[in-house]
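Below is one structure, written out as structure tokens, with a few remarks after it.
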Amino acid sequence: MLVLSTESCCDVCAESYAADSLPHSIPCGHTFCAPCLTEIAKRHRGAGAGCPLCREPFAAADIRRIRTDQGVSSSPPYPQIQPYPNYYPAPQAQPAPAPARGFGAAPLDEDALDDGDSDDDAARRLEMRVLDATRKGNSFEELSRLKREIDQWLARRPDREHMALKISAALLAAILVNGFQHNEAKKSAKLAEDAKRKLEGEVYRLKLDISKLTGAPPPPPPPVLAAPVPPGVGARKRRKGRPM
1 MLVLSTESCC
11 DVCAESYAAD
21 SLPHSIPCGH
31 TFCAPCLTEI
41 AKRHRGAGAG
51 CPLCREPFAA
61 ADIRRIRTDQ
71 GVSSSPPYPQ
81 IQPYPNYYPA
91 PQAQPAPAPA
101 RGFGAAPLDE
111 DALDDGDSDD
121 DAARRLEMRV
131 LDATRKGNSF
141 EELSRLKREI
151 DQWLARRPDR
161 EHMALKISAA
171 LLAAILVNGF
181 QHNEAKKSAK
191 LAEDAKRKLE
201 GEVYRLKLDI
211 SKLTGAPPPP
221 PPPVLAAPVP
231 PGVGARKRRK
241 GRPM
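Position 178 (the sequence shown) corresponds to 178 in full-length UniProt numbering; numbering is contiguous.
Written out as structure tokens, the structure reads:
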């Protein structure tokens with residue numbers, strides 16, 4: 001039985017699994033959310049769909065829902081992760097803070113400020129990595145890995161906003177979806193072109209058989225079946241026809 005965590009997400013859309021997007025598997029063993037697999041199978045119903053990671057073919061009937069040990073419908077996007085019981089030692093009694101002096105003085109939690117500053121710096125670094133990745137045109141796998149890293153980082157900090165980083169993560173998710181759809185469209189176009197060439201070849205062979213039976217001149221071959229002219233043949237013919 002599959003154990004879902006707050007960091008589990010689909011490798012195609014990079015979205016966390018939810019009640020309307022539960023994990024499903026295909027024969028190659030890879031797991032994606034149900035909407036992504038359904039869309040892939042729908043787009044390639046005639047030619048046959050392929051796994052986004054290993055390209056092994058599958059059909060809509062091969063999609064299987066994976067049983068999980070807990071429902072994900074009630075889980076918030078970034079739930080607070082609690083430590084295991086007795087993982088941390090019991091807090092020791094701390095001495096009472098010294099009374100503040102001066103007008104408006106209040107105790108300053110310097111550790112909390114340091115943690116906040118380090119989180120802000122880390123968030124900015126992740127934002128810059130998203131910017132660099134989109135500029136360099138990284139691969140689908142690299143962008144998907146970066147999206148998961150950002151989601152995991154945000155899940156460990158549910159009490160902080162980091163709105164700019166969340167916007168960068170949403171932009172990265174949109175790039176992943178668009179890139180996947182573009183690759184699927186290119187694959188469909190190539191399959192259609194291959195099918196067209198195969199059909200043209202079969203039509204040519206049929207016409208050739210008919211010409212042999214009827215004694216008619218053979219038809220011209222389609223461009224894809226035309227034999228290439230060896231280099232230098234045209235030049236030799238021109239030299240033969242040139243007057244001495």
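Note that CB positions come from ideal geometry on N, CA and C, so glycine has one too.
- In this structure Val130 is buried. Its beta-carbon is surrounded by 16 or more other beta-carbon atoms within 10 angstroms.
- A direct Cα-to-Cα measurement between Ala164 and Leu37 gives close to 30 Å.
- When Lys198, Gly215, Glu142 and Pro158 are compared, the shortest CA-CA separation from Ala14 is found for Glu142.
- Counting along the chain, His182 sits inside no beta strand (DSSP E); it lies in the alpha helix (DSSP H) bounded by residues Met163 to Thr214.
- Per the DSSP secondary-structure output, Phe32 pairs in a beta bridge with His24.
- By the 16-neighbour rule on beta-carbons within 10 angstroms, Pro217 is exposed.
- Inclusion of Glu7 and Gln152 in the CB contact set at 8 Å is warranted, their separation being smaller than that value.
- Membership of Ile150 in the alpha helix (DSSP H) is indicated by the continuous run Phe140 to Ala155.
- A distance below 8 Å separates the beta carbons of Arg65 and His24.
- If the five residues before and after Ile150 are omitted, its C-beta is found closer than 8 Å to the C-beta atoms of Leu126, Val130, Leu165, Ser168, Ala169 and Leu172, all from its own chain and listed in chain order.
- One alpha carbon belongs to Lys42, the other to Thr214, and they sit about 45 Å apart.
- In this structure Leu199 is exposed. Its beta-carbon is surrounded by fewer than 16 other beta-carbon atoms within 10 angstroms.
- The straight-line gap separating the alpha-carbon atoms of Ile63 and Arg145 is approximately 24 Å.
- Contact check for Cys9 against Arg148 passes: the beta carbons are separated by less than 8 Å.
- As DSSP reads the structure, Cys9 sits in a beta bridge with Ser16.
- Note: Gly50 is bridge-paired with Pro57 in the DSSP secondary-structure output.
- Annotation for Leu154: Tyr78, His162, Leu165, Lys166 and Ala169 place their beta carbon closer than 8 Å to its own, counting only its chain and skipping 5 residues before and after.
- Asp119 is a Cβ neighbour of Arg157, given a cutoff of 8 Å.
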